[in-house]
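Here is the structure we will look at.
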Amino acid sequence: MLKTLVNQSQRWDNIVYQHATMQAVKTALQQLRPILVIDVYAHLLFRLIFAPDNFIGRMVDNYPPITKVISNHMRIGLTFLDAAIVMIFVIALTQHYLTTKGITNTSLPILTNFIAIYLLLVGKNQIPTYNTTQYLLMSVTVLFSVTTYCWFQKKWVNPDTSPYAYRYLVWAVLIILMSWLLRQLIAIPHFQTTISVLLSKTFFTTFWGLLAVSILSPLLFVFGFALPSELTDDQTTLNTVIANLDAVLSTGHKVLPYPENLYSTYGAFTLFGGIGNTLVISLLLLFATSRKHQKLGLITWFPSLFDDSTLLLAGVPLFLRPLMLVPMLLVSVISQLIGYVAIATHFIQPVVYPTPMNIPNLLLPTIASTTPIRSTLVTVAVFILSIVIYRPFVHRLTEGVSYEK
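Counted from 1, the sequence shown has number 17 at position 30 by the numbering used here; the numbering is strictly sequential.
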């Protein structure tokens, strides 16, 4: 059964990634990797050491306080670094796609897409951060732009035409205008807020509601949508979770209004390293037969330990990758089902208490439940099962470059 899924996923993967547009996206992501490594580790160090609520400060007594001035300046610097990543991706994608189409003078399309994406994302403060991605929006916008540019080239074939001729300047203005109009319509924070409000509904404490989340979150992640924090790292602000905490503080664990909720099942057992327990992917890459994937595992395992899968999204890549989407869906659904059954059968008590900021999600069931030993056993079972599911898919991913000893 699993082998059939691997083979079918491989066929879908080949269909998607053999297309010229996806090859261009993949190449752009590969060129983005060096600065993305710097960005991810910079964000991680900020969260662990320099943020006002940093992880080390909560774990170590007499840790020197970080002034707001230092913290704010570092946060601004990280924002500029995020903006640089957006622009490098746009430039690389534009350059590679047009080059494969035989267009050598790419200065105007690069400049046009640079301005268009700046207006669309950076100018509205919607650039990707360490836990959200807008690769789908950026890719669609850039690919539409370069496709129309190629159409202009074919319609008016004249080797003597200047790359800055009026017809191309008109094209550039239209693309920038389209981006500006799209900016007025797109409200990514509103999209995230809407999802957050929906997740507070009691439907998402039922079996079918939790199952829907475990299916939709990997799909949205792999397709490049920006997800709210409730689906990536923090469910403690949900009304149902707060109601459980109030019940515990007032009556103990005797009566919990919502024992199975997004925090106690989805958050506790499906986010080890990120959506779909992606920490497992990093660990499996460490034991790959190719140096390329071993290096990828080496640079991704530490951020993944602290639930940041950005490097995996761009490095594997996971973005629009059927070969990785299938096991991610399986792991997400099965892990949540295990947590749901363990709570419903009273084998473990649900996680209720909030934990220190930035603590690895792998530790959540142990430290936030009143049954730490049993919760740890469930965590180990989920982790081992995740390895079993991911292993054949990761092996298929890496075997194509096994000659790189």
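The C-beta atom is built at its ideal place from N, Cα and C for all residues, glycine as well.
A contact is defined here as three or more CB-CB pairs under 8 Å, and the region 205 to 215 fails this definition with respect to the region 286 to 293. A straight-line Cα-Cα distance of about 11 Å links L305 and I262. For the pair A29 and H83, the CB atoms are not nearer than the 8 Å cut-off.
One thing to note: L249 has its Cβ within 8 Å of the Cβ of Q222.
With a contact defined as Cβ atoms closer than 8 Å, L16 and A301 qualify at about 5 Å.
DSSP, reduced to helix, strand and coil, places Q171 within a helical segment of the structure shown. With a cutoff of 8 Å on beta-carbon distance, I104 and V73 are scored as near each other. When DSSP assignments are scanned along the region 303 to 377, the uninterrupted stretches of alpha helix (DSSP H) that are 4 or more residues long and fall wholly within it turn out to be 309 to 331 and 351 to 354. Inter-residue distance for V77 and F67 is about 15 Å (C-alpha atoms, whole angstroms). Straight-line spacing of the CA atoms in V200 and F139 works out to 43 Å. Boundaries of the alpha helix (DSSP H) harbouring G44: F42 to M46, taken from the DSSP string.
Short of 8 Å from the beta carbon of I325, and not among the five residues preceding or following it, lie these beta carbons of its own chain, in chain order: F256, V365, A368, V369 and L372. The region 331 to 348 and the region 309 to 322 do not touch, with fewer than 3 CB-CB distances between them shorter than 8 Å. The DSSP assignment places 226 to 238 and 266 to 273 as complete runs of the alpha helix (DSSP H) inside the region 222 to 280, in order along the chain (cut-off: 4 residues).
Per DSSP, F212 lies in no alpha helix (DSSP H) and is assigned neither H nor E. A residue is called buried once 16 or more other Cβ atoms fall within 10 Å of its Cβ, and N92, having fewer, is exposed. Residue T219 holds the alpha-carbon nearest to the alpha-carbon of I182 among T219, V339, Q(-5) and A331. Taking 8 Å as the cut-off, the Cβ atoms of P341 and I330 do not count as close.
Under the three-pair Cβ rule at 8 Å, the region 152 to 160 does not count as touching the region 30 to 43. When DSSP states are grouped into helix, strand and coil, G89 belongs to the coil group. Cβ-Cβ separation between T81 and I63: approximately 27 Å, too far for a contact (criterion under 8 Å). Note on geometry: alpha-carbon atoms of I202 and D295 lie some 20 Å from one another. When the Cα atoms are used, M311 and W158 turn out to be separated by approximately 37 Å. Annotation: the continuous alpha helix (DSSP H) that includes T14 extends over A7 to L32. Distance between K279 and N226, taken at the CA atoms: about 45 Å. Burial state of D26 is buried, judged by a 10 Å Cβ sphere holding 16 or more other Cβ atoms.
Around the beta-carbon of G89, fewer than 16 other beta-carbon atoms lie within 10 Å, marking it exposed. S(-4) places its beta carbon 8 Å or farther from that of V267. Just so you know, the alpha carbons of G44 and F33 end up roughly 12 Å apart.
Per the C-alpha coordinates, the member of Y253, N264 and Y4 positioned closest to T193 is Y253.
Under the criterion of beta carbons closer than 8 Å, Q121 and L108 qualify as touching, at roughly 6 Å. Less than 8 Å divides the Cβ of A234 from the Cβ of V242. In the three-state reduction of the DSSP assignment, I163 falls in the helix class, which pools H, G and I.
For Y4, the enclosing alpha helix (DSSP H) starts and ends at L(-11) to Y4.
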